[in-house]
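One structure below.
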Amino acid sequence: MSDTLIGLVSQYSPSGRERGAVEWLVAWMKSLGYDDVFVDEAGNAVGVMGMGAKQVVLLGHIDTVPGEIKVEQVGNLLYGRGSVDAKGPLASFVDAVAKVRAKDGWQFVVIGAVEEERNSEGARFVATQYKPDFAIIGEPNQWDRMALGYKGSAWANVTVKRGQAHTASGQETAAEAAVEVWLKIKAYVDSFNADKPKVFDKLLLTLRGMDSDSNDFEQWARLKVGVRLPVEVSPEDWYEKLNEVAVGAVVEPTGFAIPAWGCEKNTQLVRSFLSGIRSQGGEPRFVYKTGTADLNIVAPVWKCPTVVYGPGDSALDHTPNEHINLNDYQKAVNVLSAALEKLTAASS
């Protein structure tokens, strides 16, 4: 049952270079008996099992961060880039659906999405292509846990400009003014967080960089400000507040802003996973993550019961020591197959 995982991890596929891994996975799903397999217009690997009217989409990502790691098995541990984030979860989807096979009235769609580690181009495409009844997103959270929420994120350059002045003038420099702006932003965030005991409900602020320069007539300083957002603060809310707090500075949003998302707990999908985890001797737990995932992209569009699931220790994400326990992987496959069996039986 580890062949899918080992084969997939052996295909080095950092964001932007996923094609080889995608083609390997498409061929592998075909060999496992999927009813239809193909590469979609965004470059995602897609495998379909069953032709029923009710649909479960299992969305993982096939890209990784850069940094090739020798693929090797040491005892029950498999080392390799992506073994945890997130080829382990994706491979477990592939194996679980192959184990369950087709169910009358149902269709399972397994997707290995591209570009998750950059701008989630793969997920942005599939969000417009499917309207599932249930969705499972593949990220490592241990085999006996489900993630029910991921924080959002927003990035901005905050620039302060000042006229050129003699260094002996005593006038505030652009760099000094930028420091004052940063302290105001931080003070606001500290105030917002003061009455919120849970990290998932807080604003998580970071200063990712600062630079400055000048010409003959003007000097400027720029802050690169990032924030992880709670569910109650949309990216639009954040940018509005940032403009309000950073008086006198120019705020320029950068990249893709992503809203936070929290999944509903009282659903048949969650109950099916609870049963599946217990079937393997686990004590189910829930977790809310401080990062973002493809969940944040597709869940607001699909608006169906959703969970995030997958084997692996997320503390090993992006590390040079990335590895997954093969026993945990097998348990995750069994959990998924049991959950899909129960879900399709209960919702038929």
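Here the sequence shown is numbered in the working numbering, starting from 856 and rising by one per residue. Glycine is no exception: its CB is placed at the ideal position from the N, C-alpha and C atoms.
- Residue state for Gly-960 is assigned as coil, using DSSP reduced to three classes.
- Sorting Trp-1093, Leu-1150, Ala-897, Asp-988 by C-alpha distance to the C-alpha of Glu-970 places Ala-897 at the top.
- DSSP, reduced to helix, strand and coil, places Ser-1192 within a helical segment of the structure shown.
- No Cβ-Cβ contact shorter than 7 Å links Leu-880 with Ile-992.
- Minimum Cα-Cα distance from Leu-1059 among the listed residues Trp-1075, Asp-1050, Asp-1045, Val-1082 corresponds to Val-1082.
- Under the criterion of beta carbons closer than 8 Å, Ala-953 and Leu-1038 do not qualify as touching, at roughly 55 Å.
- Under the three-state reduction of DSSP, Met-884 is assigned to helix.
- Runs of the alpha helix (DSSP H) spanning 4 or more residues and lying entirely within the segment 1016 to 1062 occur at 1029 to 1048, in chain order.
- In this structure, Val-955 keeps its C-beta atom at 7 Å or more from the C-beta atom of Leu-1129.
- In the structure shown, Ser-1008 adopts extended strand secondary structure according to DSSP, grouped into three states.
- Considering only Ala-1032, Asp-1050, Ser-1127, Ala-1009, the residue with the shortest C-alpha distance to Ser-1089 is Ala-1009.
- Glu-1107 is bridged by DSSP to Asn-1012.
- Looking at Gly-1117, Ala-951, Ala-1201, the one whose alpha-carbon comes closest to that of Ser-1127 is Ala-1201.
- Just measuring C-alpha positions, the residue of Gly-907, Lys-1053, Pro-921, Val-877 sitting nearest Ala-900 is Val-877.
- The beta strand (DSSP E) runs lying completely inside the segment 1129 to 1184 and spanning 3 residues or more are 1140 to 1144, 1161 to 1164, 1178 to 1180, given in chain order.
- In the structure shown, the three-state DSSP call for Asp-988 is coil.
- Shown here for Lys-942: same chain residues with a beta carbon closer than 6 Å to its own, the five before and five after excluded, namely Leu-863, Val-864 in chain order.
- Going by C-alpha positions, Thr-1028 is about 9 Å away from Lys-1016.
- Annotation for Ala-900: the continuous beta strand (DSSP E) segment containing it runs 900 to 904.
- Comparing C-alpha distances from Ile-1040 to each of Ile-924, Val-1080, Pro-1175 shows the shortest one belongs to Val-1080.
- For Ala-1076, the enclosing beta strand (DSSP E) starts and ends at 1073 to 1084.
- Under the three-state reduction of DSSP output, Trp-998 falls in the coil class, being neither helix nor strand.
- Ranked by Cα distance from Trp-998, the first of Tyr-1184, Ala-1193, Leu-1171 is Tyr-1184.
- For the pair Asn-1182 and Gly-1146, the Cα-to-Cα distance works out to about 26 Å.
- By the Cβ criterion, the segment 981 to 990 is in contact with the segment 1143 to 1157, since at least three pairs of Cβ atoms, one from each stretch, lie closer than 8 Å.
- In the DSSP assignment, Lys-909 falls within the unbroken beta strand (DSSP E) covering 909 to 916.
- If you look at Asp-891, you'll find it in the beta strand (DSSP E) that goes 891 to 894.
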